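Novice: Sending over a structure as structure tokens; questions will come in a sec.
Number of protein chains: 2
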Amino acid sequence: MAHEAPHIQTAFDRDLEALQALIMKMGGLVESAMAGAARALEARDEELAAQVRAADTQVDLLERQIHQDCARIIALRGPTATDLRTVLSVMKTAGDLERIGDYAKNIAKRVAVLAQMPQVGNSAGTLRRMMRAVELMLKDALDAFTRRDVELARHVRASDEEVDQIYNTLFRAFLTHMMEDPRAITAFMHLHFIAKNIERMGDHVTNIAEQVIYLATGTLPDDPRPKADATPFAPADE
Amino acid sequence: MAHEAPHIQTAFDRDLEALQALIMKMGGLVESAMAGAARALEARDEELAAQVRAADTQVDLLERQIHQDCARIIALRGPTATDLRTVLSVMKTAGDLERIGDYAKNIAKRVAVLAQMPQVGNSAGTLRRMMRAVELMLKDALDAFTRRDVELARHVRASDEEVDQIYNTLFRAFLTHMMEDPRAITAFMHLHFIAKNIERMGDHVTNIAEQVIYLATGTLPDDPRPKADATPFAPADE
Numbered sequence: 002m003a004h005e006a007p008h009i010q011t012a013f014d015r016d017l018e019a020l021q022a023l024i025m026k027m028g029g030l031v032e033s034a035m036a037g038a039a040r041a042l043e044a045r046d047e048e049l050a051a052q053v054r055a056a057d058t059q060v061d062l063l064e065r066q067i068h069q070d071c072a073r074i075i076a077l078r079g080p081t082a083t084d085l086r087t088v089l090s091v092m093k094t095a096g097d098l099e100r101i102g103d104y105a106k107n108i109a110k111r112v113a114v115l116a117q118m119p120q121v122g123n124s125a126g127t128l129r130r131m132m133r134a135v136e137l138m139l140k141d142a143l144d145a146f147t148r149r150d151v152e153l154a155r156h157v158r159a160s161d162e163e164v165d166q167i168y169n170t171l172f173r174a175f176l177t178h179m180m181e182d183p184r185a186i187t188a189f190m191h192l193h194f195i196a197k198n199i200e201r202m203g204d205h206v207t208n209i210a211e212q213v214i215y216l217a218t219g220t221l222p223d224d225p226r227p228k229a230d231a232t233p234f235a236p237a238d239e
Numbered sequence: 002m003a004h005e006a007p008h009i010q011t012a013f014d015r016d017l018e019a020l021q022a023l024i025m026k027m028g029g030l031v032e033s034a035m036a037g038a039a040r041a042l043e044a045r046d047e048e049l050a051a052q053v054r055a056a057d058t059q060v061d062l063l064e065r066q067i068h069q070d071c072a073r074i075i076a077l078r079g080p081t082a083t084d085l086r087t088v089l090s091v092m093k094t095a096g097d098l099e100r101i102g103d104y105a106k107n108i109a110k111r112v113a114v115l116a117q118m119p120q121v122g123n124s125a126g127t128l129r130r131m132m133r134a135v136e137l138m139l140k141d142a143l144d145a146f147t148r149r150d151v152e153l154a155r156h157v158r159a160s161d162e163e164v165d166q167i168y169n170t171l172f173r174a175f176l177t178h179m180m181e182d183p184r185a186i187t188a189f190m191h192l193h194f195i196a197k198n199i200e201r202m203g204d205h206v207t208n209i210a211e212q213v214i215y216l217a218t219g220t221l222p223d224d225p226r227p228k229a230d231a232t233p234f235a236p237a238d239e
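If you're matching them up, the sequences are chains A and B in order.
Its first residue numbered 2, the first sequence is counted upward by one per residue in my numbering.
Its first residue numbered 2, the second sequence is counted upward by one per residue in my numbering.
Structure representation (structure tokens):
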């Protein structure tokens with residue numbers, strides 16, 4: 002803020018700073034959950050997985066707090082135009098972070114199930130790299146949010162295509178493995194759900210990046226990236 | 002409204018009525034997309050599937066309009082307390098409807114892919130019944146939203162468990178089929194994605210019902226139903 006044109010800090014500015022701090026705290030917890038879930042998966046570490054699951058409560062509570070604070074600020078300050086858009090974007094971003102945390106928790110749950118099955122394939126490393134890519138996207142998206150950096154937000158949006166590509170590659174590999182070894186179908190379904198969850202995390206990070214673009218330009222990007230399901234419709238084996 | 006205690010209709014009340022009308026319009030389009038997608042799947046009707054896909058644009062535009070109208074009403078009227086909660090709930094509900102529409106579009110896309118493959122299993126009827134259950138839930142959730150009917154909203158929330166059970170049953174059946182006929186794995190994966198999309202629609206309808214409970218009671222239900230992924234962790238074949 003120091004290098005921007007000086008302006009008198011209003012009560013609303015202070016409210017907004019407090020909100021941004023909560024978003025950053027929530028973002029930090031979610032990044033930690035993502036890294037923990039991926040590590041637990043690769044090491045088949047059930048204890049770490051249990052920690053990741055337990056930590057999600059904190060993320061949920063933060064979302065509720067942010068939601069209540071936003072409502073209070075709107076009621077108290079009556080923000081309009083850009084200020085109102087900012088508060089609404091904070092609410093949306095908190096919602097996206099909560100969902101990303103939920104997906105990390107879900108992956109952690111599957112670690113316990115997969116640990117009971119014979120190890121199949123060697124996808125844990127690829128899944129960890131995929132998670133790492135989404136973690137970096139999230140870090141950039143939150144930086145872009147704080148600094149209203151449209152270029153960085155556009156970069157995040159473009160990065161999501163790489164995550165989708167990793168997912169598509171994994172999806173085809175899992176299909177092939179399932180056909181080759183039908184006894185391992187259940188294990189590969191779980192691995193597939195994990196890949197899908199990471200891909201969905203990328204979609205929610207993209208939502209955050211799109212909020213930044215919306216805040217800075219007043220319009221959402223024109224070519225919305227698919228959100229509900231980016232599963233390939235024509236896998237390589239056809 | 003006629004049987005309630007009479008009160009002077011304010012500009013805010015009129016704004017809210019207009020918003021509710023837009024939500025109902027959006028809900029009608031989404032219900033139609035759901036029914037269309039399920040019918041197209043059962044009849045392998047690619048033309049109907051293409052219509053469902055094309056119609057989703059209208060749903061997306063309505064969401065944007067509702068979002069803009071809500072922001073305008075907040076800025077113009079400065080609602081507080083219950084009024085503010087109502088406007089924020091309308092925004093959330095529009096977001097959930099948009100996602101449900103997205104899932105219907107995604108199912109319609111898969112109809113074209115499945116039509117190119119030999120027909121496998123006989124799950125189209127079950128999928129249609131599952132979709133019908135979620136359609137009824139959506140109808141009830143929107144009625145509950147209009148009338149602030151907490152009991153009906155609780156009923157919708159409970160109904161989602163039945164949808165999850167149908168999904169779990171289908172999931173296990175698909176796994177069994179895949180193991181028995183590995184050549185059909187790709188087709189069953191597509192059918193599984195469709196079942197999963199319907200299950201996710203149920204989650205978003207549940208979100209709408211929870212907004213009604215929140216509006217009427219001031220708090221969200223205490224035992225949140227799982228949202229991100231309700232896939233069974235221990236399928237029957239283990």
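Backbone N, C-alpha and C fix where the C-beta goes; we use that ideal spot for every residue, glycine too.
These numbers were taken from a predicted model, which means no experiment stands behind them.
For residue 1 (chain A), does the three-state DSSP call read helix, strand or coil?
Specialist: In the structure as shown, chain A begins at 2 and stops at 239. Residue 1 (chain A) is therefore absent and cannot be evaluated.
Novice: Please list, in chain order, the chain A residues whose beta carbon lies closer than 8 Å to that of residue 196 (chain B).
Specialist: Near residue 196 (chain B) there are no residues of chain A at all, since even the closest Cβ is about 12 Å away, more than 8 Å.
Novice: Quick check on residue 180 (chain A): does DSSP put it in helix, strand or coil?
Specialist: helix
Novice: Residues of the segment 79-92 of chain B in Cβ contact with chain A at a cutoff of 8 Å, in chain order, please.
Specialist: 79, 80, 81, 82, 85, 86, 89 and 92
Novice: May I have the straight-line CA-CA distance separating residue 150 (chain A) from residue 127 (chain B), to the nearest angstrom?
Specialist: 48 Å
Novice: Output needed for residue 88 (chain A): all residues of its chain with C-beta closer than 7 Å, excluding positions within five of it in sequence on either side, in chain order.
Specialist: 71, 74, 75 and 80
Novice: Return yes when the Cβ of residue 108 (chain A) is within less than 9 Å of the Cβ of residue 206 (chain A), no when it is not.
Specialist: no
Novice: I'd like to know whether the C-beta atoms of residue 26 (chain B) and residue 63 (chain B) end up nearer to each other than 9 Å.
Specialist: yes
Novice: What are the boundary residues of the alpha helix (DSSP H) that includes residue 94 (chain B)?
Specialist: 82-116
Novice: Taking the alpha helix (DSSP H) that residue 57 (chain B) belongs to, which residues open and close that run?
Specialist: For residue 57 (chain B), the enclosing alpha helix (DSSP H) begins and ends at 47-78.
Novice: For residue 210 (chain A), which residues of its own chain have a beta-carbon under 6 Å away from its beta-carbon, when the five flanking residues on both sides are left out?
Specialist: 142, 154, 157 and 158
Novice: DSSP three-state label for residue 171 (chain B), please.
Specialist: helix
Novice: Please check the pair residue 144 (chain A) and residue 78 (chain A), which I expect to be a contact at CB under 8 Å, by giving their CB distance rounded to whole angstroms.
Specialist: Incorrect: roughly 26 Å between the Cβ atoms, too far for contact.
Novice: Give the straight-line distance between the Cα atoms of residue 135 (chain B) and residue 199 (chain B), rounded to the nearest whole angstrom.
Specialist: Each residue's alpha carbon lies about 7 Å from the other.
Novice: Determine, for residue 247 (chain A), whether the minimum Cβ-Cβ distance to residues of chain B falls below 9 Å.
Specialist: A question about residue 247 (chain A) goes unanswered here, because the residues of chain A that appear run from 2 up to 239.
Novice: Measuring only the C-alpha atoms, how far is residue 29 (chain B) from residue 86 (chain A)?
Specialist: 28 Å
Novice: Looking at chain A, is there any beta carbon in it that lies within less than 9 Å of the beta carbon of residue 142 (chain B)?
Specialist: no
Novice: Between the beta-carbon of residue 42 (chain B) and the beta-carbon of residue 167 (chain B), is there less than 9 Å?
Specialist: no
Novice: 9 Å is my cut-off, CB to CB: does residue 170 (chain B) come that close to chain A?
Specialist: no
Novice: With a CB to CB cut of under 6 Å and the five nearest residues on each side skipped, what residues in its chain are close to residue 138 (chain B)?
Specialist: 157, 160 and 206
Novice: State the Cα-Cα distance for the pair residue 46 (chain B) and residue 90 (chain A), rounded to the nearest angstrom.
Specialist: 40 Å
Novice: Does DSSP put residue 161 (chain B) in a helix, in a strand, or in coil?
Specialist: helix
Novice: Can you confirm whether residue 174 (chain A), when its beta carbon is compared against all beta carbons of chain B, has any partner nearer than 9 Å?
Specialist: no
Novice: Kindly indicate if chain A contains any beta-carbon less than 9 Å away from that of residue 72 (chain B).
Specialist: Yes, because at least one Cβ of chain A sits closer than 9 Å to the Cβ of residue 72 (chain B).
Novice: Pull up the distance between the alpha-carbon of residue 116 (chain B) and that of residue 35 (chain B), whole angstroms please.
Specialist: 18 Å
Novice: How about residue 131 (chain B): is its C-beta nearer than 9 Å to some C-beta of chain A?
Specialist: no
Novice: If you measure from the beta carbon of residue 181 (chain B) to each beta carbon in chain A, is any gap under 9 Å?
Specialist: yes
Novice: Does any C-beta atom of chain B lie closer than 9 Å to the C-beta of residue 221 (chain A)?
Specialist: Nearest CB-CB separation between residue 221 (chain A) and chain B: below the 9 Å threshold.
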